[in-house]
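Just so you know, the protein sequences line up as chains A and D, in that order. Count along the first sequence starting at 1, add 1, and that's the number in the numbering used here. Count along the second sequence starting at 1, add 1, and that's the number in the numbering used here.
2 protein chains.
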Amino acid sequence: MSKIAPISGFPEYSPAQRIVEQRFLDVIRETFELHGFASIETRSIEPVERLSSQGEDADKEIYGVRRLADPGTDAKWGLHFDLTVPFARYVLENAGTLEFPFRRYQIQKSWRGERPQEGRYREFTQADIDVVDVGTLPAHYEAEFPLVIADVFAKFPVGDFIIRVNNRKLLSGFYAGIGITDVQETLRTVDKLDKIGAEAVRALLLERGLTDEQADACLRLAQIEAADASFVEQVRLLGVTHPLLDEGLRDLAQVVEIAAAHIPGKLVADLKIARGLDYYTGTVYETQLVGREEWGTIVGGGRYDALASDGKTTYPGVGVSIGVTRILGLLFGAGELAASRSVPSVVLVAVNDESHRAGSTAIATALRRRGIPCEVAPKADKFGKQIRYADRRGIPYVWFPRDDGDQVKDIRSGDQVAADPAVWFPPAGDLRPQVSRSGD
Amino acid sequence: MSKIAPISGFPEYSPAQRIVEQRFLDVIRETFELHGFASIETRSIEPVERLSSQGEDADKEIYGVRRLADPGTDAKWGLHFDLTVPFARYVLENAGTLEFPFRRYQIQKSWRGERPQEGRYREFTQADIDVVDVGTLPAHYEAEFPLVIADVFAKFPVGDFIIRVNNRKLLSGFYAGIGITDVQETLRTVDKLDKIGAEAVRALLLERGLTDEQADACLRLAQIEAADASFVEQVRLLGVTHPLLDEGLRDLAQVVEIAAAHIPGKLVADLKIARGLDYYTGTVYETQLVGREEWGTIVGGGRYDALASDGKTTYPGVGVSIGVTRILGLLFGAGELAASRSVPSVVLVAVNDESHRAGSTAIATALRRRGIPCEVAPKADKFGKQIRYADRRGIPYVWFPRDDGDQVKDIRSGDQVAADPAVWFPPAGDLRPQVSRSGD
Chain A
2 MSKIAPISGF
12 PEYSPAQRIV
22 EQRFLDVIRE
32 TFELHGFASI
42 ETRSIEPVER
52 LSSQGEDADK
62 EIYGVRRLAD
72 PGTDAKWGLH
82 FDLTVPFARY
92 VLENAGTLEF
102 PFRRYQIQKS
112 WRGERPQEGR
122 YREFTQADID
132 VVDVGTLPAH
142 YEAEFPLVIA
152 DVFAKFPVGD
162 FIIRVNNRKL
172 LSGFYAGIGI
182 TDVQETLRTV
192 DKLDKIGAEA
202 VRALLLERGL
212 TDEQADACLR
222 LAQIEAADAS
232 FVEQVRLLGV
242 THPLLDEGLR
252 DLAQVVEIAA
262 AHIPGKLVAD
272 LKIARGLDYY
282 TGTVYETQLV
292 GREEWGTIVG
302 GGRYDALASD
312 GKTTYPGVGV
322 SIGVTRILGL
332 LFGAGELAAS
342 RSVPSVVLVA
352 VNDESHRAGS
362 TAIATALRRR
372 GIPCEVAPKA
382 DKFGKQIRYA
392 DRRGIPYVWF
402 PRDDGDQVKD
412 IRSGDQVAAD
422 PAVWFPPAGD
432 LRPQVSRSGD
Chain D
2 MSKIAPISGF
12 PEYSPAQRIV
22 EQRFLDVIRE
32 TFELHGFASI
42 ETRSIEPVER
52 LSSQGEDADK
62 EIYGVRRLAD
72 PGTDAKWGLH
82 FDLTVPFARY
92 VLENAGTLEF
102 PFRRYQIQKS
112 WRGERPQEGR
122 YREFTQADID
132 VVDVGTLPAH
142 YEAEFPLVIA
152 DVFAKFPVGD
162 FIIRVNNRKL
172 LSGFYAGIGI
182 TDVQETLRTV
192 DKLDKIGAEA
202 VRALLLERGL
212 TDEQADACLR
222 LAQIEAADAS
232 FVEQVRLLGV
242 THPLLDEGLR
252 DLAQVVEIAA
262 AHIPGKLVAD
272 LKIARGLDYY
282 TGTVYETQLV
292 GREEWGTIVG
302 GGRYDALASD
312 GKTTYPGVGV
322 SIGVTRILGL
332 LFGAGELAAS
342 RSVPSVVLVA
352 VNDESHRAGS
362 TAIATALRRR
372 GIPCEVAPKA
382 DKFGKQIRYA
392 DRRGIPYVWF
402 PRDDGDQVKD
412 IRSGDQVAAD
422 PAVWFPPAGD
432 LRPQVSRSGD
């Protein structure tokens, strides 16, 4: 029998950590639904051929899947490595029955065989939202996603956050306007700014054939950052003109203005954001935790003019992906998140002796009917031992069935009061486990 | 590029079906938590060696997993085919930090490469609860699980259900008491009663060396069924005695009596229930939908004295597993479940013209802050077209921003009234999509 051991990159949580994860997932789902996104789930596997056609050096990170009993050695299927590839396939497969524009959210695990490190896992949960339409998709959708991200993060116990946005048309138009021909390569190089710094990026740009003036212009553009539409004037001052640049400035200004009205202080136009992926064509999004910028981006996304295409019809989309396992891994790693208990029970119903267990079960049933999570003590031990059972799990209340009227004890304060299972209710703050940032 | 097509046995739902699935999963989770079970999730893969040591001809159904880039051809990992094997491993791995008795629930996908058919899938979701303890586990836990199952199914829109229970000690003791030596083989044969009938089972038992009298006794025992403890007297009348039989009768009577008090009419002792799996050692459970007995059991479980063991310590447990994808597959297949809409939105906020989109977004934000899921119309089309957008998705209300005071229209009745986004609230029945059995 194989040794019992963790598998690197496949995190598993303790029951208390799982309560934290569930709270995050509940917040995400509730917020996505408030914004009218419908849930779908896709199968975990896709044809290897579909997965490996996505570029991005994804091939070598794909986990192949095949029945051990099947002859041959080649895997026909692979575990999906993100939720975008399966979503694009789902849209094409169900185009005849879906209502477009289609607003969907998807919260599922993905698998990627890359080298595990803090915040990067081989099995991980992502929470994606996208809007996809047929043929064309209005730019106003691009202004909507920061509002959703902000609503989610405002409910997380993670402190302050900042959404950084840019626009690919703005970058492409600017680059074209100064005579750069390989726009994609320039994008990918500028995207390294945070990692390698301005001097190294400048050297790379020159190496790739840009003139000193072009490289300087790229870097000056990348330095522009503003929480309002003043970035438009700053770009104009660089003296570059191009129709695509105009479109990008207009769209990005709309995103910034909607954000200023609805989520003041939570979004900046940051013109160095490029996001490496080829398929973005409009607004691009990143999100950081303030004070934890070294953790990098925990939400990514953007607009793509061809999420999917069947050759005849093209489906443009815009979306973002929240790296749930990444956020939790970083916060757990920093010891920053805790749940007030490791079980859902708010009450332990004590058992006086085993012959009266049915009475304790009846009390638990009455509490559950009223929405109060509880459990019955495993044994009619001395009360001190039953209280320790509750204490070790963080269950705040122990219920004592008594012939002269039940009593309930708050084991944190020691307060004990008369209580009726048909009437008693815990304080709202105790009903569910509390999830908080350590030190809060 | 591979053809876009479903993969047999890997079901995917429409957004409306997914709303039904979510409702089922929400009911299950809420009920499990009311009963004090804590959630865990385990990684999707286990060492192949651990999976394939579970007997049950499981080997050939295992999906092996390996990085396409890794050399060699043998898969070291496999996707788990149930939640019991990973849970047992999780208990051993975390025995030092878990609090025992440990009440856990786990709602996850599993994968099994068997031949797909209605109600049987290759990727499927199960919802498991178990209590596991160290060394010994009191029998009273066996009486608890039917209460949880009944609480779950009472909240499902699936009509009436019946929980059938038996006890392995009762069967083993009875068989031993009439001189049968191969108890496991007899259990497995009697377990075929529903499939092949009494005559065929009798023939098989004789073939396996039982005498006429032994076979008849087995079949008479299997005919006993009672909603109360009267089954004890019926068994006694068969004149068999054995200490293990006594224990089984006592434990099963306790299960039946607790059920009679808490969930009258929902549980019967059915002495033909055996459940084929070797590892059950006490109470065994099955559940059927009344009127849909041909669908077989949709919940299975039981008591096992050795859920896990590290050689020194043994961890006995008791648990049940709800076949979520199985239930949904059968009910969807029969066309019996529907959601009232395909999106979470209860309101579509109309847009008068694109220059006033920000006003519509502000209304949506106000509604969301008050917990009302909504979305803004994609285009400032004619109102008829915007209403059709809502209608096609089943969104019941359309909100019209107006300079002289907003109005909201119930597009089912045509009623239109003045409304303030800071005050208006939909009827409780409209806030979430309704999930109902067709014809209800």
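No residue lacks a Cβ here, since even glycine has one placed at the ideal position from N, Cα and C. None of the values given here were measured: they were computed from a predicted structure.
Setting aside the 5 residues that flank it on each side, R221/D is surrounded in the same chain by L239, each with a C-beta closer than 8 Å to its C-beta; the list follows chain order. By the neighbour-count definition (other C-beta atoms within 10 Å, threshold 16), R116/D is an exposed residue. V132/D is positioned such that its CB atom lies closer than 8 Å to that of G318/D.
With a minimum length of 3 residues, the unbroken runs of beta strand (DSSP E) contained wholly in the segment 408–436 of chain A fall at 408–411 and 417–419. The C-beta of P397/D comes no closer than 8 Å to any C-beta of chain A. Of the other Cβ atoms in all chains shown, 16 or more fall within 10 Å of the Cβ of H36/D; this residue is therefore buried.
Here T288/A is buried, its C-beta having at least 16 other C-beta atoms within 10 Å.
If only uninterrupted alpha helix (DSSP H) runs of at least 4 residues are considered, those enclosed by the segment 212–289 of chain A are 213–223, 231–237 and 244–263. In the DSSP annotation of this structure, I328/A is not part of any beta strand (DSSP E); the continuous alpha helix (DSSP H) holding it starts and ends at V325 to G334. Contact annotation: V184/A and Y176/A have beta-carbon atoms nearer than 8 Å. For secondary structure counted as the alpha helix (DSSP H) over 4 or more consecutive residues, the segment 112–167 of chain A holds these complete runs in sequence order: 146–156. DSSP places L93/A inside the alpha helix (DSSP H), whose first and last residues are T85 to E94.
Assignment of F11/D by DSSP, reduced to helix, strand and coil, places it in the coil class. Contact annotation, S45/A with K110/D: C-beta distance approximately 7 Å; criterion of less than 8 Å satisfied. At least one CB of chain A lies nearer than 8 Å to the CB of Q23/D.
Taking 8 Å as the Cβ-Cβ cut-off, the segment 107–125 of chain D approaches chain A at K110, W112, G114 and E124, given in chain order.
Note that the C-beta distance between A227/D and E258/D is not below 8 Å. Under the Cβ criterion of 8 Å, E34/D is counted among the residues facing chain A. Around the Cβ of A70/D, a 10 Å sphere holds fewer than 16 other Cβ atoms; the residue is exposed. Contact annotation for E100/D against chain A: P16, S343, V344, Y390, R393 and R394 [CB-CB distance below 9 Å, chain order]. By the CB criterion at 8 Å, S361/D and V377/D fall inside the cutoff. Within the segment 285–324 of chain D, the beta strand (DSSP E) runs of at least 3 residues that lie entirely inside it are, in chain order, 300–310 and 315–324. As a beta-bridge residue in DSSP terms, P48/D pairs with W78/D.
One Cα belongs to L332/A, the other to G120/A, and the distance between them is close to 9 Å. One finds L69 in chain D with Cβ atoms closer than 8 Å to the Cβ of G79/A, taken in chain order.
If you draw a straight line from the Cα of D407/D to the Cα of P102/A, it is about 25 Å long. Nearest to E42/A by C-alpha distance, out of P12/D, D252/D and N353/D, is P12/D. Sequence-distant partners of Q417/A (beyond 5 residues in either direction) whose C-beta falls short of 6 Å from its own C-beta, in its chain, are Q408 and K410. Collapsing the DSSP output to three states places S346/A in coil.
Across the structure, A391/D and P428/A are spaced so that their CA atoms are roughly 40 Å apart. Ranked by Cα distance from R370/A, the options I181/D, R104/D and I264/D are led by I264/D.
In chain order, L35, H36 and G37 make up the part of chain A whose C-beta sits under 9 Å from the C-beta of C375/D.
The alpha carbon of V344/A has as its nearest neighbour, out of L172/D, R438/D, L84/D and Y106/D, the alpha carbon of Y106/D.
Following the DSSP letters along the chain, one finds G65/D inside the beta strand (DSSP E) bounded by residues Y64 to R68. Apart from the 5 residues on each side of it in sequence, A140/A sits with its Cβ closer than 6 Å to the Cβ of D252 in its chain, given in chain order.
Three or more pairs of CB atoms, one per stretch, sit closer than 8 Å, so the segment 320–329 of chain D contacts the segment 295–308 of chain D.
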